[in-house]
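Chemist: Under UniProt numbering, the first residue of the sequence shown is numbered 1, with each subsequent residue one higher.
For every residue, glycine included, the Cβ atom is placed at its ideal position computed from N, Cα and C.
Starting off with a structure, shown below.
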Amino acid sequence: MAAGFVDRVVMPLTLSLQSHESNGDTLLQFSNITGLECSSYSYSDHGYTVLGCPSNSMEKTPALKVANTLLDIASTNSSIDHPLCEECTDSLMLQIEEQLHFTANKAKSYVRLLEELQQMPQPDTNRLEAELKQLKDEELALEEEIAKLLQEQKEAEKILEEKQDQAQALADEEERYQIEYCKQRVLWFDVEEERISFYNQKVHTHQQLEKLKQTNIFNIAFHIWKDDHISTINNFRLGRLPTMQVTWTEINAALGQMALLLVSLARRFEFSFSKYKIVAYGNHSYIKVLDQSNTVLPLYSHSGIKYIFDHSFDTAMTAFLECFMELVRALEQRTNTTLSLPYPIDKHCLHDPQGGARYSVKTQFTPDEQWTKALKFLLTNLKWALTWVSSPLLTGTCPGFGLSSSSRSTPRAINAPDPTRRNQR
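Written as structure tokens, this is what we have:
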């Protein structure tokens with residue numbers, strides 16, 4: 001209800017207290033400010049009785065009927081009009097004027113609004129309906145697009161889950177690969193270190209080989225030197241002097257070393273003697289004559305009267321000189337060179353170019369000093385022959401003889417391993 005509008009007048013609350021002598025009860029009557037409800041209570045010695053809410057089981061007494069009538073009058077529920085007092089009339093008139101003024105203003109507002117609505121142009125309903133239909137179509141299209149996008153989103157989420165699973169699988173596989181790579185890397189390091197070790201061994205071996213190529217094995221195996229006036233071969237003295245008596249056992253051992261030297265030279269050049277065969281047998285070496293008789297010539301001797309008239313030792317020494325010269329001439333023919341011995345050999349004698357003397361290797365009718373000097377010249381010739389056969393010219397042209405270090409092809413050395421290669425992968 002609008003402000004200032006009066007639906008009906010509600011009288012103030014009234015209270016009345018009445019006493020009925022007939023039954024000794026006291027009746028309390030009141031009316032609330034709203035005028036909608038009316039209540040009466042009666043109380044006696046035995047309690048209160050609600051009079052405003054009658055029930056079917058409660059029988060109305062004459063006093064109750066009077067109370068109900070009074071309440072109806074007080075609450076204007078009666079059909080009988082009663083006159084108002086002046087104060088109430090003024091109040092009612094004031095309220096009615098205010099309500100009338102409010103209603104008039106409201107009516108003016110409605111009239112003004114109606115005029116404005118009448119002045120407004122009429123909307124094009126066809127256009128609005130077309131726009132509405134277009135908007136509905138757009139709404140349906142957008143809804144379809146949203147549904148499609150939602151479907152695509154679900155598919156994208158599904159693909160995303162698959163890709164995440166694949167990424168996790170790839171990550172696991174990468175981890176396994178890294179572990180395997182580390183294992184293989186460690187193995188590679190071990191193999192690389194082993195390769196470097198083999199390379200160093202090869203370099204060392206190659207250096208030793210080059211060193212050995214520069215070494216004359218005959219000079220090492222057969223060391224020819226001298227001990228005062230007596231020549232030695234491998235520390236065995238070859239000869240004897242009145243002032244230096246050497247046992248025949250040592251002399252025979254030196255002769256055995258000399259025979260072994262000549263046999264080794266012949267074997268190295270794959271040369272065979274035509275008349276003799278030298279057998280190196282230590283201090284009991286001998287020379288075998290290659291004929292029907294197969295005579296054995298001892299290349300050793302002993303002291304005693306029975307060896308004074310035995311010429312087999314002298315014959316063996318002469319055969320040894322003949323074998324030596326045969327080997328020298330054969331090598332000279334192969335190389336087209338000439339070996340100039342410091343002491344030329346003629347049969348069983350060696351010539352001294354400085355003194356012009358001749359010294360025989362035979363012991364019979366030869367003093368010990370001359371025999372010792374002849375053996376000294378013989379060892380000197382053997383040492384010259386060793387130097388000659390070790391020259392590159394002779395070793396490079398003689399068949400069956402190994403190439404020297406200067407003529408052999410040197411194997412190509414591999415590059416040293418680079419330590420930085422370990423960090424390249």
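Under a three-way DSSP split, which group does F236 fall into?
Modeler: strand
Chemist: So if DSSP puts V186 in a beta bridge, which residue, or which two residues, is it bridged to?
Modeler: Paired residue(s): none; V186 is not in a bridge.
Chemist: Please return the same chain residues whose Cβ sits closer than 6 Å to the Cβ of K202, not counting the five positions on each side in sequence.
Modeler: Within the same chain, no Cβ atom closer than 6 Å to the Cβ of K202 is found once the five residues on either side in sequence are excluded.
Chemist: Distance, Cα to Cα, K158 vs A171?
Modeler: Distance between the alpha carbons of K158 and A171: 20 Å.
Chemist: Any contact of the region 224-234 with the region 369-385, i.e. 3+ C-beta pairs under 8 Å?
Modeler: yes
Chemist: Determine, using beta carbons only, whether H348 and V361 come nearer to each other than 7 Å.
Modeler: yes
Chemist: Sorted by chain position, which residues of the same chain lie with C-beta nearer than 6 Å to residue 462's C-beta, five sequence neighbours on each side aside?
Modeler: Lying before the first or after the last residue shown, residue 462 is absent from the chain, which here runs from 1 to 425.
Chemist: Quick check on the DSSP output: the alpha helix (DSSP H) that includes V279 runs from which residue to which?
Modeler: Element bounds for V279: not the alpha helix (DSSP H) but the beta strand (DSSP E), Y276 to V279.
Chemist: How many angstroms separate the CA atom of Y177 from the CA atom of E194?
Modeler: The straight-line gap from Cα to Cα measures roughly 25 Å.
Chemist: Report yes if the C-beta distance between R240 and D227 is below 7 Å; otherwise report no.
Modeler: no
Chemist: Tell me which residues share the same chain as F317 and place their Cβ nearer than 6 Å to its Cβ, disregarding the 5 neighbours each side in the sequence.
Modeler: The displayed chain sequence assigns Met, not Phe, to residue 317. Cβ within range, chain order: V361.
Chemist: Buried or exposed for M365, please, with buried defined as at least 16 other CB atoms from any protein chain shown within 10 angstroms of its CB.
Modeler: The question names Met, but residue 365 is Phe in the sequence shown. Exposed is the call here.
Chemist: At what residue ranges does the region 340-365 contain a whole run of the beta strand (DSSP E), taking only runs of 3 or more?
Modeler: Here the runs fully enclosed are 349-351 and 358-360.
Chemist: Tell me where the beta strand (DSSP E) around V289 begins and ends.
Modeler: Y286 to V289
Chemist: I'd like the list of long-range same chain contacts for K383, defined as Cβ closer than 7 Å, with 5 residues on each side in sequence excluded.
Modeler: The answer, listed in chain order, is I224.
Chemist: Candidates A385, T205, L114 and Q257: which alpha carbon is nearest M325's?
Modeler: When C-alpha distances from M325 are compared across A385, T205, L114 and Q257, the shortest belongs to A385.
Chemist: So is C323 buried or exposed if we call it buried at 16+ other beta carbons inside 10 Å?
Modeler: buried
Chemist: Let me confirm a value: R135 is counted as buried when at least 16 other C-beta atoms fall within 10 Å, else exposed. Which label applies?
Modeler: According to the sequence provided, residue 135 is Leu. The question's Arg does not apply to it. Under this definition L135 is an exposed residue.
Chemist: Taking all protein chains shown into account, decide if G282 is buried (16 or more other Cβ within 10 angstroms of its Cβ) or exposed.
Modeler: By the neighbour-count rule (16 or more Cβ atoms within 10 Å), G282 is not buried but exposed.
Chemist: Excluding the 5 residues preceding and the 5 following L255 in the sequence, name in chain order all residues of the same chain whose CB lies nearer than 8 Å to its CB.
Modeler: L238, N283, S285, L299 and Y300
Chemist: I need the straight-line Cα distance from E250 to M244, nearest angstrom please.
Modeler: 13 Å
Chemist: If I follow the unbroken beta strand (DSSP E) through D227, where does it start and stop?
Modeler: I224 to D227 is the span of the beta strand (DSSP E), which, as asked, contains D227.
Chemist: Can you check whether the CB of A319 is closer than 7 Å to the CB of L339?
Modeler: no
Chemist: Do you know whose CA, among Q99, E210, T215 and P242, lies nearest D368's CA?
Modeler: When only C-alpha atoms are compared, the closest one is P242.
Chemist: Measure the beta-carbon distance from S391 to N216 and round it to whole angstroms, keeping in mind my assumption that it falls under 8 Å.
Modeler: With 8 Å as the limit, S391 and N216 do not qualify as a contact, their Cβ atoms being about 10 Å apart.
Chemist: I'd like the span of the beta strand (DSSP E) that includes L255, first residue to last.
Modeler: Premise fails: L255 lies in the alpha helix (DSSP H), W248 to R268, not in any beta strand (DSSP E).
Chemist: Apart from the five residues just before and just after D310, which ones in its own chain have a Cβ nearer than 6 Å to its Cβ?
Modeler: none
Chemist: If you reduce the DSSP assignment to three classes, tell me which class S272 lands in.
Modeler: coil
Chemist: State the start and end residues of the unbroken beta strand (DSSP E) segment that holds L297.
Modeler: V296 to P298
Chemist: Excluding the five sequence neighbours on either side, which residues of its own chain have a C-beta within less than 7 Å of the C-beta of H101, listed in chain order?
Modeler: none
Chemist: Would DSSP call M120 helix, strand or coil?
Modeler: DSSP places M120 in coil when its eight states are reduced to three.
Chemist: Quick test of your reading: I278 and A253, contact by CB under 8 Å. State the CB separation rounded to the nearest angstrom.
Modeler: Rounded, the Cβ-Cβ distance is 16 Å, inconsistent with contact.
Chemist: Quick one: what's I230 bridged to in DSSP?
Modeler: D227
Chemist: State buried or exposed for Y181, treating a residue as buried only when at least 16 other CB atoms are found within 10 Å of its CB.
Modeler: exposed
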